[in-house]
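Inspection log for the structure reproduced underneath, given as structure tokens.
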Amino acid sequence: MVVHPTSPSKVKIRVSTGGFGADRLTSPATRSTPTGHSPAGPRPRRFSAGGAATTTAEEPEETPGDAAAQYTVHIPPTPEHPLLSPSRTSFVSGTIFTGGFNSVTRGHVSAISAADAAAPPNPAACAMNGCDGTALLPCACGFPVCKDCYKDGGGAAGRCPGCKEPYKDGSSSDEDDGPVKLPDEDDDDDGGEYDEGRRRRRGVLPLASMSRRLSLMRSTKAPNQGNDMDYTRWLYETKGTYGYGNAVWPKTGVEPFDPPDFAAGSRRPLTRKIPVSAAIISPYRLLMGVRLAALGLFLAWRLRHPNREAMWLWGTSVTCELWFAGSWLLDQLPKVCPVNRVADLAVLRERFESPSPRNPQGRSDLPGVDVFVSTADPDKEPPLVTANTILSILAADYPVEKLACYVSDDGGSLLTFEAMAETASFAKLWVPFCRKHAVDPRSPEAYFSQKRDFLKNKLRVDFVRERRRVKREYDEFKVRVNSLPDAIRRRSEALNAREELLERARRRRDEPPPPQPGRTWMADGEPWPGTWFRPAPDHARGDHTGIIQVILPPPPPEPAEAGAAAETVDLAGVDRRLPMLVYVSREKRPGYDHNKKAGAMNALVRASAIMSNGPFVLNLDCDHYVHNSAALREGMCFMLDRGGDRVCFVQFPQRFDGVDPNDRYANHNTVFFDVSMRALDGLQGPMYVGTGCIFRRTALYGFSPPRATERAGWLGRTKTRTRPAGDEEDPLPPLLDGDDDDDDGGRRRRLLLPKRFGGSRALVESIPVAEFQGRLLQGTAGALRGRAAGSLAAPREPLDAAAVAEAIAAVSCFFEEKTEWGRRVGWIYGSVTEDVVTGYRMHNRGWRSVYCVTKRDAFRGTAPINLTDRLHQVLRWATGSVEIFFSRNNALFASRRMKLLQRVAYFNVGVYPFTSAFLLAYCVVPAASLFSGKFIVQALSATFLCFLLVITLTLCLLALLEIKWSGITLHDWWRNEQFWLIGGTSAHPAAVLQGLLKVVAGVDISFNLTSKPAAAGDDDDDALADLYAVKWSFLMVPPITIMMLNVVAIAVGVARAMYSPVPQWSKLMGGVLFSCWVLCHLYPFAKGLMGRRGRVPTVVFVWSALLATIVSLLWVYISPPAGSATFDSSISSSTGFHFP
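Under our numbering, think of the first position of the sequence shown as 95, with each following residue one higher.
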């Protein structure tokens, strides 16, 4: 419609919403009034809300000279603005009605209530904006327009402004210039707007009244209104218009009538990888680049500016600085992409422990887990510590029928065996108590000794009473376990005395004497087949038979909820089943290399494969208990999620109890576990650190992952995805029947398995079963082979005597002969750090690992807090690294399946002990500088100081950012720096020497087992008594010598500067600061030598003073101080003394 403006005027807006139909709004904007449509008086108007509003007598008359363009604003009714009268006829406007599926527009239809169906239409105004002429109904849609607007729109040849369609059936034509009449009430032939047949022919659907289509309710803002909207009726009357989907599923019209499980295909991930915030990692990487550039420029400047006065001092310092720069780069490069990971235990329960068509009873479909606990000497590893670890495993939050615990006693001690029997007896009370009250940690010693409120989050009224009773039972259990050595000795002595009496009687009867007197006896009166208190043939350390004893049998598949031991704890409704517990002591004979802990772990792998064959294996030391009962479930999330079939192991961080609050010797090692290991998790995965690790059994068997990526080209940029070819060197896992396409290749690989794994048929047959049970579920993205859901819900086969006999044969000392155990299968032999080598071999085949940091510590253990024990522990680790460096396990020979930065990390593991030689020299440099009066540079120039400032600041900023993204503290970082120098000047040089002796001369390396502290009492001083104990060791000599040299050098330097005619204060300050830097790092070592009361062995001072004196005299002889000729002449003239 074209409007020709005449003169500007105000716009008068009349708003109608039913109950507020007479409101008038005046806009200050000018608007042109259409010609010939100036309002002259009151005129009725029709509003889309159903009410008609007209101007009243109270309103001022509007003259043509002061006319305002009037038009109607149609506002639909709302709960606050209901209809003026629901009995009146309602018309819809030309806007789209907000309905659902298959809805119509307001321009097509008009809503008429059933009560007003026969009511005559009322005259209405034109619906065009700015026009208030008499309405016509030229179109069947019922859009009212006046005659002038009808003609301006093109007449019959135009389009209706309401429905936007050509006029096909109207009450006027373009040739008829006369007035157009509204349809008469009795005009049934013409029909007009209300002709139902005409609407039906035009395909217009009649709508319900406005009160049924719009949401009306009693408003709190207008409480006096009398109309209510039935929301429920409106919702259910329109639900069919929404179609079908997971929002609304209709009950009729769509098959199936029951809605499907839409969430079944969503496959929420079990784990998430959370990268470090870019606001932290980006500056961290930038600072790494800045420090690397600063180091490069500094070293270049040092090489271009030698100190001509002391070339030997300059050369030593520059050589050390070059090595330190390279060592820092090797340590820093793998930290470029740290990540964090979280697991969703709710998804794990929903996917593997919920009822399904394949698992209607909702039994657990989780794979089995075999837990290995290793111990060797009950004297250094108290049985009570091992018992607490076993109790925490038996009480872990994992399906009972899927869990088995194997304890390896490498010493074959009856003390450990009977302690396990006592543990199994107490577990029948402790495990149900933990399940009933959900206590954590589930090691009784750790639980009862914690100092927090034990009533927190405990709602059961019987908790306090039952906790007190269980605590009393545990105290009695500790008394029994601690008294076992005396009980076994007294029992053995009594039974041996009886045997002696019987032997005398036999002699009198001329009968042969019984063999092997002085035996050790079990409680049932049978001789112990392991080691005896009095060593004898076949019953000594390193010479005893293999022993496997099932102490707790496999549990039944159904829960057992009978209330046994009701006098102590009410166990009604609590599952009393216990996981299987097995005692294993492998056979040892003289002349065989038993390969220490690695050999014991391989024996457990073979025995467990025959008896329970869990597809996953958890390795724990005897002093590492389960601190988080859900730790196994979190580890399984990473194994069973997308890409989990490529994960060989899940490593948990090591946390320790009983460490002194100041962590004097960096026992927590948080920089390694929270910084380095998180960083490696962003590459190919963390290293295996010996305990707290869940393995995939097929990865331990030496198989390659189902798919891997080989890297070639510059910096490994060329990537090729490969699958292992089933060759003899690296065969695929033997598959189940019908799962291998190449029958000849599969048969050939099966024939090679006995040669690789040994002659046990049960062991070989267990391999494909373990491989199948460790697969991902079918439908998991990226899984090449999957198992059906519910396939592991069936109960296990019962354990029979034949399986136990086969397992005993598998732990014999000659079983590994002519097999690949220790070379490719299981834990790898040939190094005292078998853990690092085993993890390296897996990564070298293309496997990846995952670092699982739980919110609550997964496992906790004990650490040696004594200085000597700590140094010997570091010595063992460093010696293993030297062995790795000189073996084929060096990362320089890694395959193309290992990432470049992962190689750098493993290469740094083998290289870091060699830093000790340069560190020793660099710690002596400041003392030599003060003795000689020279410095590492010719003059302390501004360039040298600026370089030092930049290098130091970037190091501090990097440390602060590491603290930020790893969660460690500044105290932890500083303790790590201090012990880096302490270990580098004490244990690492000895490790390098021992490693070279083994490589060059073939000298075997042996270490004593680290002593585990017994359960601490309530007294904190007693718990930390070992911290103050001073035990002499040859490892203490180098750090003590360095400290004394630097202290003496500071005194000599200050004296020379004070009495020199031309003092060199700048060189003195440089040397003194350098020496103070060394002494600050060695402060914890010096404090450890003082002990609790400052008592130090005399030999420590004697050796240190002697070495310091010798070095000082040699120094004075080689490089006498300046002006010594004048000094010599003055002294010789008075005393006759001459320097040599």
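For each residue, glycine too, the CB sits at the ideal point set by N, CA and C.
Is it buried or exposed for residue i, if we count other Cβ within 10 angstroms and need 16 for buried?
i, result
"Arg671", "buried"
"Arg445", "buried"
"Asp547", "exposed"
"Gly1164", "buried"
"Ile368", "exposed"
"Leu714", "buried"
"Val1094", "exposed"
"Pro538", "buried"
"Arg613", "buried"
"Leu595", "exposed"
"Tyr1153", "exposed"
"Arg559", "exposed"
"Asp580", "exposed"
"Ala904", "buried"
"Lys474", "exposed"
Can you tell me whether DSSP reads residue i as helix, strand or coil?
i, result
"Ala904", "helix"
"His721", "coil"
"Pro260", "strand"
"Thr927", "coil"
"Asn453", "strand"
"Leu943", "The question names Leu, yet the displayed sequence has Ser at residue 943. Strand at Ser943."
"Cys225", "coil"
"Cys742", "strand"
"Val1007", "The question names Val, but residue 1007 is Pro in the sequence shown. Of the three classes helix, strand and coil, the one that applies to Pro1007 here is helix, per DSSP."
"Asp768", "helix"
"Asp687", "coil"
"Asp751", "strand"
"Pro647", "coil"
"Arg398", "helix"
"Val1018", "helix"
"Trp1236", "Because residue 1236 is not part of the residues shown, which for the chain are 95 to 1234, the question remains open."
"Asp352", "coil"
So residue i and residue j are supposed to be a Cβ contact under 8 Å. How far apart are they, rounded?
i, j, result
"Val433", "Val370", "7 Å"
"Leu886", "Gly880", "So it is not a contact: roughly 13 Å between Cβ atoms."
"Trp615", "Ser586", "5 Å"
"Thr874", "Arg736", "6 Å"
"Arg942", "Arg740", "6 Å"
"Ala489", "Ser723", "7 Å"
"Thr483", "Asp751", "Between Asp751 and Thr483 the Cβ distance is about 12 Å, and since that is not below 8 Å, they are no contact."
Who pairs with residue i in a beta bridge, going by DSSP?
i, result
"Thr365", "Ala437"
"Asn713", "Phe466 and Cys787"
"Phe847", "According to the sequence shown, residue 847 is Leu rather than Phe. Per DSSP, none; premise fails for Leu847."
"Thr816", "Ala802"
"Met674", "Ala498"
"Ile641", "Ser679"
"Val919", "Trp915"
"His633", "Ala630 and His638"
"Ala219", "Thr228"
"Phe1073", "In DSSP, Phe1073 forms no bridge with anything."
"Phe953", "Val720"
Of all the CB atoms in chain B, is at least one closer than 9 Å to the CB of residue i?
i, result
"Leu857", "As a matter of chain content, chain B is missing from the structure shown, which is built from one protein chain."
* Asked: How do the segment 453-465 and the segment 614-633 stand: do at least 3 beta-carbon pairs fall below 8 Å, yes or no?
  -> Contact between the segment 453-465 and the segment 614-633 is absent, because fewer than three Cβ pairs lie under 8 Å.
* Asked: Do the segment 948-965 and the segment 1062-1072 make contact, defined as three or more Cβ pairs closer than 8 Å?
  -> Counting Cβ pairs under 8 Å, fewer than three are found: no touch.
* Do the segment 1010-1018 and the segment 962-970 meet, that is, are 3 or more Cβ pairs less than 8 Å apart? -> In the pairwise beta carbon analysis, the segment 1010-1018 is classified as not touching the segment 962-970: fewer than three pairs are separated by under 8 Å.
* the segment 973-983 contacting the segment 920-933, beta-carbon criterion three pairs below 8 Å -> Yes, the segment 973-983 is in contact with the segment 920-933.
* Three or more C-beta pairs below 8 Å linking the segment 387-401 and the segment 1028-1043 -> Verdict: yes, contact present.
* Looking at C-beta atoms only, is the number of pairs between the segment 637-647 and the segment 673-692 that lie closer than 8 Å three or more? -> Under the Cβ criterion (8 Å, minimum of three pairs), the segment 637-647 counts as touching the segment 673-692.
* Touch test, the segment 778-797 against the segment 443-459, Cβ-Cβ under 8 Å, three pairs minimum -> As far as the Cβ criterion goes, the segment 778-797 does not touch the segment 443-459, which means the pair count is below three.
* Should the segment 450-459 be called in touch with the segment 883-903, which here means at least 3 C-beta pairs below 8 Å? -> Contact between the segment 450-459 and the segment 883-903 is present, because at least three Cβ pairs lie under 8 Å.
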